[in-house]
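First comes the structure, then the notes that go with it.
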Amino acid sequence: MKYDFASIEPKWQKIWEDEGAFRAKDFDEKPKYYALVEFPYPSGAGMHVGHIKAYSGLEVVSRKRRMQGYNVLFPIGFDAYGLPTENYAIKTGMHPRIVTDKNIEKFTSQLKRVGFSFDWSRVIDTTEENYYRWTQWIFLKMFHAGLVFRDNALVNYCPKCKVVLSNEDSQGGKCDICHSDVVQKSKTVWYLRITKYAEKLLEGLEKVDYLPNVKQQQVNWIGKSTGAFVNFKIKETGETLRIYTTRPDTLFGVTFMVIAPEHPMLDANRDKIGNIEALDAYKEICAKKTEFERTQLVKEKTGVKVEGLTAVNPVSGKEIPIFISDYVMMGYGTGAIMAVPAHDERDYAFAKKFGVDIIPVIKGGDIEKGAYTGDGEVINSDFLNGLTNKKDSIAKMLAYLEEKGVGKAGVQYKMKDWAFNRQRYWGEPIPIVHCPKCGMVPLPYEELPLRLPKVENFEPGEGGESPLAKIPSFVNCKCPKCGGDAKRETDTMPQWAGSSWYFLRYIDPHNDKAFADAEKLKYWLPVDWYNGGMEHVTRHMIYSRFWHKFLYDEGDVPCDEPYAKRTAQGLILGPDGEKMSKSKGNVVDPNDVVDEYGADVLRTYVLFMGDYASAAPWNESSMKGCKRFLERVADLSDLVGKGAPSEKVEASLHKTIKKVSADIEELKFNTAIAAMMSLLNDIYDAGTLTNEQFSLIIRLLCPFAPHLAEELWQSIGGKGLCSLAAWPEYDESKTVASHIEVAVQVNGKLRATISLPANCEKDEALDTAKADARVLPFIEGKTIVKEIWVPGKIVNLVVK
RNA sequence: GCCGGUGUGAUGGAAUUGGCAGACGUGCUGGACUCAAAAUCCAGUGGUAGCGAUACCGUGUCGGUUCGACCCCGACCACCGGCACCA
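The first sequence begins at 11 in the working numbering and counts up one residue at a time.
Have a look at this one:
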């Protein structure tokens, strides 16, 4: 058959769409399977081939599952709120709504051209009213549950985007959107209390099937540490200075305290502090430093002694000085530490610079040279002296602290509460009203959605004020509680809000009574397999697991973990081996590839180009191999019925079915396709193929190159759509050959391969091996000291 | 610094997890077809030596375990990803 992709691909895409071939059926009695891929942000540039690779993995899995008789939900949608669209709107004067609609249209047509088997009846758009009303609804639920709060705090602020960023969005001290340096700024902003779920998020990881590195990254991000909170008295005021430490066993070695420059104790005692001006000046310098500068100067410790306040060690009664330094962060622990310079590198560097005492309390180091962080016998520590096990000394110290009421065991997490706001236009409005009498008042649920008003000017105000603040008709409102004049919140939600629950909406996308019907949720959840990018494991994944766990606690979803399994694909790099980007001019447009090679070649190539989980550079000439492969499949029709059926082809076919079936489950598409190519080589060698064999091959190919498969299926008179035909079964007995090739080694070195019956016994194998002409020269005149026989694989003769 | 990962021909990558290293694809070389090119088909293609059968060497480096190591263990080197003054 001539392989005319340009005519067959649109033809089958239309038939699939007309017949609703890939619609998921709620409550169907077939077993359900929910496969999820990360929905795209519809940017103006359109999709690039990286998107195609990201979706092709579970596309193949979904198609295989359908053929295996599952009721498959494989949805797609658009995560359309976000800054790039808004920035584009500012530049061009086009409204973000119009820009978004255009981009979605473009993405949709690109996706359809590739022939993905998405359920197009369930498409969602996070910026649509009947979607974001439920985003707001969940926010209100969180508000009522006490998980939403406002706080004046040091926040990550991007001066270029004029927007407050969450911790997750400013990883590495760079703005996630424009990559400029993030600065610290004091501002009153919205937070979601994700830290309340830190332990649950950590525990939940134990029962899900995530890639090990995905799991590890989340564990690190949550960053649990166990230690103790200890109260130090301030001699002059009688106040308590509370610190967190992981090493309460070194309490006798504390020679000074360090508190964060922003620690509230300073302002509370301005009159008692002798050098408050110097402290203020230091604090100011720190605030101006970018995150980058703060971490660049790691070696050089800075700080100022707090004159007029002295801390008292609760176990030794010793009086010790207090310093402020920016190596202690207000955002972790209590913003104050006990410094043990003998056993902590940072404390040691600080002590050396400021001339503070260094008292060793664990044997093993040399305080002249540096801090000793290893284990050893406890010394200089009163009742702990002589203990050699860290666990024991920590336990003993904790017991003592508890008994005295000056400390107790505690847990800390690196994860911080989620700064949940953007001072921009293109996002979900936060459904809260500020009333002069009643304070913060949530909108009643019935008033949702709180619509995003139309505006002319999307520019954010100087100092990070939302564009919504400039619209009196939006801002001025009545208090839902007392009916008096009030003002609306003008911040919008961050980009990650809509994507935190989108997988739930696919289950019931048109429901206007609830975010999704409870029975439908019960039928479809959890997501059986979720695939996406590594860049989302510490943001989107954590956020959405948090929302889901909250909804579970509220009784709104039937399971506590949303994703049963999570994998990740690797990037497609440009032909130059660099990451694809517009500025480098190395982006490959899938439309161009479809035009020249067809969707089936594109699909096959993105899966064949390398290990699915690793990055691999685009290589057009390598793609030609996939084109040849599909052409050779199309040409198989010429061989059908020619000559006598070949036993070799039959064996090779059944082995291939087995391998392809197994490889798909492990995302090893490259070897699955290689196996099919190999099968083709065998068939062309044999020059013959039966009708039945051809039918199996077509179905085996279908998940990868469905258009060609449908065309061939039709040509052999297959019933219905190939996409819904039965997945090929292999016959185990046919995959086992009657005789096998066995390697013969002498002293571990390969000397020959011999052909043996498949069920050959040890004696027979050894005899055949020893008699082989290629083996004889290596054993003649020597003693065989050991004979190894690995059935079906190898003979190894050890000679002396 | 900490955590995770990777290292294999000219090249993208395979290797049933300790059992024939280099599957499959690309590229390259030679040949067929063609006036010619493209496409297609056939043969070859890790290195060294040899006309040859064959021999020796070969999975980042060095060492170890084993009848046998790309695979396991120890030390080191290089690169990639994540976190990072986290107390």
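Glycine included, each C-beta is placed from N, C-alpha and C at the ideal position.
Candidates GLU571, LYS225, ARG434 and GLY365, of which the one nearest LEU2 by Cα: No answer is possible for residue 2: the residues shown for the chain start at 11 and end at 810.
Cα-Cα separation, LEU157 to ASN629: Position 147 of the first sequence, counting from 1, holds the residue named residue 157. Position 619 of the first sequence, counting from 1, holds the residue named residue 629. Distance between the alpha carbons of LEU157 and ASN629 is about 49 Å.
What residue does the beta strand (DSSP E) around ALA578 start on, and which one ends it? Here the question's residue 578 lines up with position 568 in the first sequence. 575 to 578 is the span of the beta strand (DSSP E), which, as asked, contains ALA578.
Could you give the distance in angstroms between the alpha-carbon of GLY420 and the alpha-carbon of PRO258? Working through the first sequence from its first residue, we reach residue 420 at position 410. Working through the first sequence from its first residue, we reach residue 258 at position 248. Each residue's alpha carbon lies about 11 Å from the other.
Identify every run of the beta strand (DSSP E) within the stretch 139 to 184, keeping only runs that are complete inside it and at least 3 residues long; order them along the chain. 158 to 168 and 173 to 175
Top-ranked residue by Cα proximity to THR260, from LYS373, VAL338 and MET340: Residue numbering aside, residue 260 sits at position 250 when the first sequence is read from its first letter. It is LYS373 whose Cα lies nearest to the Cα of THR260.
DSSP puts ALA45 in a beta bridge; with which residues? Working through the first sequence from its first residue, we reach residue 45 at position 35. Paired residues: TRP539.
Look at the alpha carbon of THR247 and the alpha carbon of GLN422, and state the distance between them as a whole number of angstroms. Locating residue 247 in the first sequence gives position 237, counting from the first residue. Locating residue 422 in the first sequence gives position 412, counting from the first residue. Straight-line Cα distance between these residues: approximately 28 Å.
Let me check understanding here. Comparing Cα to Cα, which of ASP605, ASP621 and ASP599 lies closest to LEU581? Against the first sequence, residue 581 aligns to sequence position 571. Of the listed residues, the one whose Cα sits closest to LEU581 is ASP621.
Would you kindly report the start and end of the unbroken alpha helix (DSSP H) that includes CYS445? Position 435 of the first sequence holds residue 445. Per DSSP, CYS445 belongs to no alpha helix (DSSP H); it is in the beta strand (DSSP E), 442 to 445.
Terminal residues of the continuous beta strand (DSSP E) containing PRO585? In the first sequence, the residue the question calls residue 585 occupies position 575. Premise fails: PRO585 is in no beta strand (DSSP E) and is neither H nor E.
Using a Cβ-Cβ cut-off of 7 Å (strictly less than) and excluding sequence neighbours within five positions of SER53, which residues of its own chain qualify? Stepping through the first sequence from its first residue, residue 53 is reached at position 43. The answer, listed in chain order, is PRO94 and ASN113.
Opening and closing residue of the beta strand (DSSP E) in which ARG252 lies: Position 242 of the first sequence, counting from 1, holds the residue named residue 252. Residues 250 to 255.
At which residues does the alpha helix (DSSP H) containing GLN703 begin and terminate? Along the first sequence, one-based indexing puts residue 703 at 693. Taken as a continuous stretch (DSSP letters only), the alpha helix (DSSP H) holding GLN703 covers 701 to 711.
MET633 classed as buried or exposed, judged by whether at least 16 other C-beta atoms fall within 10 angstroms: As a working mapping, residue 633 is identified with position 623 in the first sequence. So MET633 counts as buried.
Name the two residues that bound the continuous alpha helix (DSSP H) containing ALA524. Here residue 524 corresponds to residue number 514 of the first sequence, with the count starting at 1. Where ALA524 is concerned, there is no enclosing alpha helix (DSSP H), given that its DSSP letter is neither H nor E.
Alpha carbon of LEU731 to alpha carbon of SER131, nearest angstrom: Numbered from 1 along the first sequence, position 721 holds the residue referred to as residue 731. Numbered from 1 along the first sequence, position 121 holds the residue referred to as residue 131. The alpha-carbon atoms of LEU731 and SER131 are separated by roughly 19 Å.
For the 8 Å Cβ check, are there 3 or more pairs between the stretch 266 to 274 and the stretch 326 to 339? yes
Residue(s) in a DSSP beta bridge with ARG432: Your numbering for residue 432 matches position 422 in the first sequence. THR502.
How far does the alpha helix (DSSP H) with GLU317 in it reach, from first residue to last? Indexing the first sequence from 1 puts residue 317 at position 307. Not the alpha helix (DSSP H): GLU317 falls in the beta strand (DSSP E), residues 314 to 322.
Pick from GLU751, HIS717 and GLU702 that is closest to GLU739, judged by C-alpha positions: As a working note, residue 739 is residue 729 in the first sequence. Nearest of GLU751, HIS717 and GLU702 to GLU739, Cα basis: GLU702.
Assign CYS296 to one of three DSSP states: helix, strand, or coil. Residue 296 sits at position 286 when you count from the first residue of the first sequence. CYS296: helix per DSSP, three-state reduction.
Taking LYS311 and ALA346 to be in contact with their CB atoms under 8 Å, please state how far apart those CB atoms are, rounded to whole angstroms. Walking along the first sequence from the start, residue 311 turns up at place 301. Walking along the first sequence from the start, residue 346 turns up at place 336. Actually they are not in contact, since the Cβ atoms of LYS311 and ALA346 sit about 16 Å apart, beyond 8 Å.
CB GLY565 to CB PRO627, shorter than 7 Å? Taking the first sequence and counting its residues from 1, one reaches residue 565 at position 555. Taking the first sequence and counting its residues from 1, one reaches residue 627 at position 617. Going by C-beta atoms, GLY565 is not nearer than 7 Å to PRO627.
Ordered list of alpha helix (DSSP H) runs contained in the stretch 53 to 138, each at least 4 residues: 59 to 77, 93 to 102 and 106 to 124
Evaluate MET450 with the Cβ neighbour count: other Cβ atoms within 10 Å of its Cβ, from every protein chain shown; 16 or more gives buried, anything less gives exposed. For the purposes of this step, residue 450 is taken as the residue at position 440 of the first sequence. So MET450 ends up on the exposed side.
What number of angstroms, rounded off, separates the C-alpha of GLU764 from the C-alpha of VAL756? The residue given as residue 764 occupies position 754 in the first sequence. The residue given as residue 756 occupies position 746 in the first sequence. Looking at the sequence provided, one finds Ile at residue 764 rather than Glu. Between ILE764 and VAL756, the C-alpha separation is close to 14 Å.
With 16 other Cβ atoms within 10 Å as the buried cut-off, status of ASN486: Position 476 of the first sequence holds residue 486. When all chains shown are included, ASN486 counts as exposed.
Which residue's Cα is closest to the Cα of ASN601: TRP428, ILE62, ALA719 and THR236? By 1-based counting over the first sequence, the position of residue 601 is 591. Nearest C-alpha to ASN601: ILE62.
Provide the residue(s) that pair with MET348 in DSSP beta bridges, ordered along the chain. Indexing the first sequence from 1 puts residue 348 at position 338. DSSP, once it has assigned bridges, lists MET267 as partnering MET348.
Check the C-beta distance from LEU150 over to PRO452 and give it rounded, since I have them as a contact under 8 Å. As a first step, residue 150 is located in the first sequence; it is residue number 140 there, counting from the start. As a first step, residue 452 is located in the first sequence; it is residue number 442 there, counting from the start. LEU150 to PRO452, Cβ: 5 Å. Contact.
According to DSSP, which residues form a beta bridge with HIS189? For the purposes of this step, residue 189 is taken as the residue at position 179 of the first sequence. Answer is none; HIS189 lacks a bridge partner.
Which one of PRO441, GLU139 and ARG73 has the shortest CA to CA distance from ALA90? In the first sequence, the residue the question calls residue 90 occupies position 80. Selected option, being the one with the closest Cα: GLU139.
On the three-pair Cβ rule with 8 Å, is the stretch 57 to 76 touching the stretch 611 to 618? yes
Taking the continuous beta strand (DSSP E) assigned at TRP628, which residues delimit it? One-based indexing of the first sequence puts residue 628 at position 618. Per DSSP, TRP628 belongs to no beta strand (DSSP E) and is neither H nor E.
Taking the C-alpha atoms as reference points, what is the distance between LEU394 and LYS197? Working through the first sequence from its first residue, we reach residue 394 at position 384. Working through the first sequence from its first residue, we reach residue 197 at position 187. Approximately 46 Å between the Cα atoms of the pair.
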